[in-house]
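Asker: Before anything else, here's the structure in question.
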Amino acid sequence: MTIRVLLADDQTLVRAAFAMLVESARDMEVVGEAGSGREAVGAAREVRPDLVVMDIRMPDLDGIEATRLIAADETLAGVRVLVLTTYDTDENIVEALRAGASGFLVKDTRPAELLDAIRTVAAGEALLSPGPTARLIERFLRSPSPAVTGGPECLSEREREVLALVARGLNNTEIGEALGLSPLTAKTHVSRIMGKLGARDRAQLVIVAYESGMVTPGTL
């Protein structure tokens, strides 16, 4: 199955480099490029990619607002967004996650890691490693804004355990190992939690776990 990728970055050379990398992978293809956030939204609606690699800092409409428009468009429900960040200087990454991004990646990451990140997010997983996620939340999550329609109080005890592990960056296999469950059962729990909370993906589960106090920054 080929992953259809849309590249959004205002730097032509960066887009060209990413395009060459993506096209070098047998399981991916570039179906569009955009030089601004507004172009990214238009291109997403036109080509319906599986995933958008979205730079935060772009002219006309930044990556956060572009992500928010894509996530809010019901016709683009299957489109996932992987946000690019310089990490140490981008203080908007949490807002990008709130806006609907399924993960973030440091812009100067190694080529193989970018391809793995695309596969991870396209498969429905959130690309959120425990350390960076905790530090980002600790630094920038100052004014909570609801990312979902429900809270942890509607979850069963087991579901709360699963949610806490999702917030720590564990995948389904790791959650299963921690709780003595099969990966499929762990995946089922995650899906039910998203349904109860009205969450778009695992990234929003991370946000609600931190905002509700289930997981405390700096304890991972």
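Residue numbers (the numbering used here): 7 to 226.
C-beta atoms are modelled at their ideal positions from N, C-alpha and C, and glycine is treated no differently.
#1: Report the CB separation of A31 from A14 in whole angstroms; it is logged as a contact under 8 angstroms.
#2: Between K202 and E180, what straight-line distance do the alpha-carbon atoms span, to the nearest angstrom?
#3: Indicate the three-state DSSP secondary structure (helix, strand or coil) for G38 in the structure shown.
#4: Report back the beta-carbon spacing between G182 and T191 to the nearest angstrom; my notes put them in contact at under 8 angstroms.
#5: At least one CB of chain B closer than 8 angstroms to the CB of V85: is that the case?
#6: Could you tell me the alpha carbon to alpha carbon distance between R63 and E101, rounded to whole angstroms?
#7: Would the beta-carbon of V53 fall within 8 angstroms of that of V37?
#8: So, using beta-carbon positions, are T73 and M60 closer together than 8 angstroms?
#9: Which residues in the same chain as R206 place their Cβ atom closer than 7 angstroms to its Cβ, once the five residues preceding and following it in sequence are excluded?
#10: Suppose you measure from the CA of G157 to the CA of L103; what does that come to, to the nearest Å?
#11: Which residues mark the beginning and the end of the beta strand (DSSP E) in which R86 is found?
#12: Find out if the Cβ-Cβ distance for the pair L211, A173 is shorter than 8 angstroms.
#13: Should A215 be labelled buried (16 or more other beta-carbon atoms within 10 Å of its own) or exposed?
Answerer: The short version:
#1: About 18 angstroms separates the two Cβ atoms, so there is no contact after all.
#2: 22 angstroms
#3: In the three-state scheme derived from DSSP, where H, G and I count as helix and E and B as strand, G38 is classed as strand.
#4: 7 angstroms
#5: Annotation note: the requested chain B is absent from the structure, which comprises a single protein chain.
#6: Taking the CA atoms as reference points, R63 sits about 13 angstroms from E101.
#7: In this structure, V37 lies closer than 8 angstroms to V53 by Cβ.
#8: yes
#9: A77, G106
#10: 17 angstroms
#11: 86-91
#12: yes
#13: buried
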